[in-house]
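Chemist: The following block contains the structure, expressed as structure tokens.
Protein chains: 2
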Amino acid sequence: MQANVLVGGLIACSVAILSLWQQRRRADTKLVEAKRQLDAERRNRASERTGRIRAEKKLRERESSKEESSDSNVPEIYPLQPIGHLQSCFTKRSGTPRQPLLVPAARARLLLRQDIPAGCLEGLEQYSHVWVIFVFHCNTDLQRLWSPDHASDGLKAKVQVPRLNGGRMGVLATRSPHRPSPIGLSVAEVIEVKGRSITLGGADIVDGSPILDIKPYVPFCDSVSQASAPSWVSDEASDDPIALKDVQIRDDMLARLEACWAASGPGGAIRHALYKHPEDWVGLVRQVLRLDIRSLHQRKYSVTLHGVTISYDILPERTVLVRGAYVG
Amino acid sequence: MQANVLVGGLIACSVAILSLWQQRRRADTKLVEAKRQLDAERRNRASERTGRIRAEKKLRERESSKEESSDSNVPEIYPLQPIGHLQSCFTKRSGTPRQPLLVPAARARLLLRQDIPAGCLEGLEQYSHVWVIFVFHCNTDLQRLWSPDHASDGLKAKVQVPRLNGGRMGVLATRSPHRPSPIGLSVAEVIEVKGRSITLGGADIVDGSPILDIKPYVPFCDSVSQASAPSWVSDEASDDPIALKDVQIRDDMLARLEACWAASGPGGAIRHALYKHPEDWVGLVRQVLRLDIRSLHQRKYSVTLHGVTISYDILPERTVLVRGAYVG
């Protein structure tokens, strides 16, 4: 009887042990799983953290760079927008006269920006001449403009003056394009004012120049009778227009030039708009070539007018002979 | 004997059960702890994630706004930096002559920016006159410059022309300051070039004007003899300089003006630098008042020269009587 009780107890215990052992096994498995999840979670959090820090760092950099560009050390800048661009016969810098009105047959057209009303030009036709204020956009050092805080980097204080055969002057004592602010000033003849466009004569301005402003030429304040300049400048005045004696265009070349005038392609539309007859166009060619517009660095003698490239030779006795012409 | 074995078994079992139960308890505790850590880790990761996403979003916004400001729809802008600022006798806009060289005694000094070398001015003293290209910085609508994409907002196509008693002209057919690009052009006499400073005579430019460029006046291309303007402009030329017959300064006022010249305070330094003797200074006052520089909107008759405010009356027979003068 007593033995039976004990055996029963033993069996019950064994059962208990078995179930407890199983419970412990299960708990261990759950623990291992939980640890795995924890590790995974830690890895993910770490990568989120790196991402957040990277993004926030970049953000700080942007902000600080913004502050710099708006602090008081930044130079005073006037962001000027062109009122339009000039369509000029002088397609390239080389061949463009060094002074205005030397080529009366030269034609250029300014079309005002879309948002500037035509009324702005009303009355301008009552003036014979206008001032044209423009940007020397062909300057290779123009990007200086875009880093104004280094505006004077590489600015040459003195420039060579052609007529001083190699002599140098302070850049602000010349009309050189390579000046602290690359702004040009030229007088031009008013040929026609029509809607939002104005046709100019004798402008010594390169095609595509951004025009900042035009002003009527007011003789009583702009024409200073008592004004004087150094003798070498006056010499330039008298010499340049008669630099060459004659321009010879053989008949075949004449036909060639007139064919170029009639051609479409680069500069065609504006060429036909500004020169009604081929003779007017040939007249322009004669006037330009007579000026001896060869630059010091120029290798081959050629000039491009309204997209037509004209090559020429300089004969003895300072005579020009047209060698060829082609569009483009 | 058999009973003892069974009892021994029972005891062993109880011990096993106890240890197993304890092991299970420990496992449970670890599991609970692991779950706690896992939850904490999940919360942290979530917040890291929110932080990363917020930062990256802002970053994208910055980037995109940067792209916008460099896309092709943005207007063509030339950020021009003044070469210096003009110290002029005309402290305020009102009282400033409407044309240059009408007040020969007027003095102004331009000091070049620190980073522009003095050599830039070398040779300028050989010219009698220079062009001054400046910003109309007193324009109340100047902030248009700073929102170039709305440059033509509020731009008046026509402006009233004084001599046309109320008549209006296209703004680009006038020299009005309120133009699409608020750039001024004036000729001035070269008085002295010294180091990085140039002293000008007869400039009709307001004190503090930002100077964009100066160029030598080259008579053979800037002085256009055949240039013509509407008759009302020529009238202005002949009338304005003799607008008033005489300027009367009683002795007490003469002493007062000379005391103002000697005084320090606003404009003092430049006043003493540009006018060696009190007579030169009084000469300036006479020339300015003779011009009848009253603007249409002007209430009281007064003008401020180099920081000295001079009040005056217009007597019958077009004579000016100086009423008072004070510094500031």
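Just so you know, the sequences run in chain order A and B. Each residue of the first sequence is one higher than the one before, starting from 1 at the first, in the UniProt record's numbering. Each residue of the second sequence is one higher than the one before, starting from 1 at the first, in the UniProt record's numbering. Ideal Cβ placement from N, Cα and C applies to all residues, glycine included. Model, not experiment: these values are computed from the prediction.
Would E317 of chain B be called buried (16 or more neighbouring beta carbons within 10 Å of its own) or exposed?
Modeler: As a position in the second sequence, residue 317 of chain B is number 317, starting the count at 1. E317 of chain B should be labelled exposed.
Chemist: Is any beta-carbon of chain A found at less than 7 Å from that of D39 of chain B?
Modeler: Residue numbering aside, residue 39 of chain B sits at position 39 when the second sequence is read from its first letter. So no, D39 of chain B is outside the interface.
Chemist: Taking the CB atoms as reference points, tell me whether L86 of chain A and S197 of chain A lie closer together than 7 Å.
Modeler: Position 86 of the first sequence, counted from the start, is the residue given in the question as residue 86 of chain A. Position 197 of the first sequence, counted from the start, is the residue given in the question as residue 197 of chain A. Taking 7 Å as the Cβ cut-off, L86 of chain A and S197 of chain A do not qualify as a contacting pair.
Chemist: Taking Cβ-Cβ distances below 7 Å as the criterion, which residues of the stretch 181-215 of chain A are in contact with chain B?
Modeler: Listed in sequence order: S181, I183, L185, V187, P210, L212, D213, I214 and K215.
Chemist: Does DSSP put L291 of chain B in a helix, a strand or coil?
Modeler: As a first step, residue 291 of chain B is located in the second sequence; it is residue number 291 there, counting from the start. Coil, per DSSP.
Chemist: If I follow the unbroken beta strand (DSSP E) through E192 of chain A, where does it start and stop?
Modeler: Here the question's residue 192 of chain A lines up with position 192 in the first sequence. Run containing E192 of chain A: I183 to K194, per the beta strand (DSSP E) assignment.
Chemist: Which chain B residues sit within Cβ distance under 7 Å of D28 of chain A?
Modeler: On the first sequence, position 28 is the one that residue 28 of chain A refers to. Neighbours of D28 of chain A on chain B, chain order: A27.
Chemist: Should G201 of chain B and P266 of chain B be called a contact, given that it needs their Cβ atoms to be closer than 7 Å?
Modeler: To locate residue 201 of chain B, count along the second sequence from 1; it is residue 201. To locate residue 266 of chain B, count along the second sequence from 1; it is residue 266. Against a cut-off of 7 Å, the Cβ pair of P266 of chain B and G201 of chain B comes out as no contact.
Chemist: Grouping DSSP H, G and I as helix and E and B as strand, with all else coil, what is D28 of chain A?
Modeler: Within the first sequence, numbered from 1, the residue matching residue 28 of chain A stands at position 28. Note: D28 of chain A maps to helix in three-state DSSP.
Chemist: At 3 residues or longer, and completely inside the stretch 200-280 of chain B: list those beta strand (DSSP E) runs for me, N to C.
Modeler: Segments of the beta strand (DSSP E) lying fully in the stretch 200-280 of chain B: 210-216 and 246-248.
Chemist: Quick one, which of B:L212, B:V103 and B:E41 has its alpha-carbon nearest R290 of chain B's?
Modeler: Counting from 1 along the second sequence, the entry for residue 290 of chain B is found at position 290. Among B:L212, B:V103 and B:E41, the Cα nearest to that of R290 of chain B is on B:V103.
Chemist: For A55 of chain A, I'd like the list of residues in its chain whose CB is within less than 7 Å of its CB, leaving aside the five on either flank, ordered along the chain.
Modeler: Here residue 55 of chain A refers to the residue found at position 55 of the first sequence. Excluding residues within five positions, none has a Cβ falling inside 7 Å.
Chemist: Just the Cα atoms here: how many angstroms apart are S228 of chain B and E189 of chain A?
Modeler: Counted from its first residue, the second sequence places residue 228 of chain B at position 228. Counted from its first residue, the first sequence places residue 189 of chain A at position 189. Each residue's Cα considered, the two are about 10 Å apart.
Chemist: Using alpha carbons as the reference points, say which of B:F136, B:H272 and B:R98 lies closest to V288 of chain B.
Modeler: Locating residue 288 of chain B in the second sequence gives position 288, where the first residue counts as 1. Nearest of B:F136, B:H272 and B:R98 to V288 of chain B, Cα basis: B:R98.
Chemist: What would DSSP say about S14 of chain B, mapped onto helix, strand or coil?
Modeler: By 1-based counting over the second sequence, the position of residue 14 of chain B is 14. Reduced to three states, the DSSP call for S14 of chain B is helix.
Chemist: Determine, using beta carbons only, whether Y78 of chain A comes closer than 7 Å to chain B.
Modeler: The residue labelled residue 78 of chain A in the question sits at position 78 within the first sequence. Yes, because at least one Cβ of chain B sits closer than 7 Å to the Cβ of Y78 of chain A.
Chemist: Using a Cβ-Cβ cutoff of 9 Å, what residues of the stretch 241-274 of chain A are near chain B? List them in chain order.
Modeler: Flagged: no residues at all.
Chemist: Between the C-alpha atoms of Q126 of chain A and R256 of chain B, what's the straight-line distance to the nearest angstrom?
Modeler: Taking the first sequence and counting its residues from 1, one reaches residue 126 of chain A at position 126. Taking the second sequence and counting its residues from 1, one reaches residue 256 of chain B at position 256. Spanning the two alpha carbons is a distance of roughly 47 Å.
Chemist: Using CA coordinates, which residue listed in A:A259, A:I77 and A:I183 is at the minimum distance from W131 of chain A?
Modeler: By 1-based counting over the first sequence, the position of residue 131 of chain A is 131. When only C-alpha atoms are compared, the closest one is A:I183.
Chemist: Assuming T91 of chain B and L244 of chain B are in contact, meaning their beta carbons sit under 8 Å apart, how far apart are those beta carbons, in whole angstroms?
Modeler: For the purposes of this step, residue 91 of chain B is taken as residue 91 along the second sequence, with counting starting at 1. For the purposes of this step, residue 244 of chain B is taken as residue 244 along the second sequence, with counting starting at 1. Rounded, the Cβ-Cβ distance is 21 Å, inconsistent with contact.
Chemist: What in chain B is Cβ-close to R163 of chain A, meaning under 7 Å?
Modeler: In the first sequence, residue 163 of chain A corresponds to position 163, counting from 1. Within 7 Å Cβ-Cβ: nothing; R163 of chain A doesn't reach chain B, min ~12 Å.
Chemist: Using a C-beta to C-beta distance shorter than 7 Å, which residues of chain B count as neighbours of N44 of chain A?
Modeler: The residue given as residue 44 of chain A occupies position 44 in the first sequence. Residues of chain B passing the Cβ test: R45.
Chemist: Among A:A203, A:A105 and A:Y78, which one has its Cα closest to the Cα of P278 of chain A?
Modeler: The residue labelled residue 278 of chain A in the question sits at position 278 within the first sequence. For P278 of chain A, the nearest C-alpha among the options comes from A:A105.
Chemist: Between P133 of chain A and V171 of chain B, what straight-line distance do the alpha-carbon atoms span, to the nearest angstrom?
Modeler: Taking the first residue of the first sequence as position 1, residue 133 of chain A is located at position 133. Taking the first residue of the second sequence as position 1, residue 171 of chain B is located at position 171. The residue asked about is misnamed: residue 133 of chain A is Ile in this sequence, not Pro. Straight-line Cα distance between these residues: approximately 15 Å.
Chemist: By DSSP, does P79 of chain B sit in helix, in strand, or in coil?
Modeler: Position 79 of the second sequence, counting from 1, holds the residue named residue 79 of chain B. P79 of chain B falls in the strand class under three-state DSSP.
Chemist: Roughly how many angstroms lie between the CA atoms of L16 of chain B and I17 of chain A, to the nearest whole one?
Modeler: Counted from its first residue, the second sequence places residue 16 of chain B at position 16. Counted from its first residue, the first sequence places residue 17 of chain A at position 17. What sits at residue 16 of chain B in the sequence shown is Ala, not Leu. Approximately 7 Å, taken between the alpha carbons.
Chemist: Does S69 of chain A come out as helix, strand or coil in the three-state DSSP assignment?
Modeler: As a position in the first sequence, residue 69 of chain A is number 69, starting the count at 1. Below a pLDDT of 50, predicted positions are generally treated as unreliable, and S69 of chain A, at 48, falls in that range; the measurement from the model is reported next regardless. Note: S69 of chain A maps to helix in three-state DSSP.
Chemist: Quick one: is V282 of chain A buried, meaning 16 or more other Cβ sit within 10 Å of its Cβ, or exposed?
Modeler: What you label residue 282 of chain A is simply residue 282 of the first sequence in a count that begins at 1. Buried: at least 16 other Cβ atoms inside 10 Å.
Chemist: Straight-line CA distance for G166 of chain B to R62 of chain B?
Modeler: Residue 166 of chain B sits at position 166 when you count from the first residue of the second sequence. Residue 62 of chain B sits at position 62 when you count from the first residue of the second sequence. Distance between the alpha carbons of G166 of chain B and R62 of chain B: 50 Å.
Chemist: Buried or exposed for E48 of chain B, please, with buried defined as at least 16 other CB atoms from any protein chain shown within 10 angstroms of its CB.
Modeler: Reading the second sequence from its first residue, position 48 is the one you call residue 48 of chain B. Burial call: buried.
Chemist: Looking at the secondary structure, which residues open and close the beta strand (DSSP E) in which R107 of chain A lies?
Modeler: Residue numbering aside, residue 107 of chain A sits at position 107 when the first sequence is read from its first letter. Segment R107 to L112, the beta strand (DSSP E) holding R107 of chain A.
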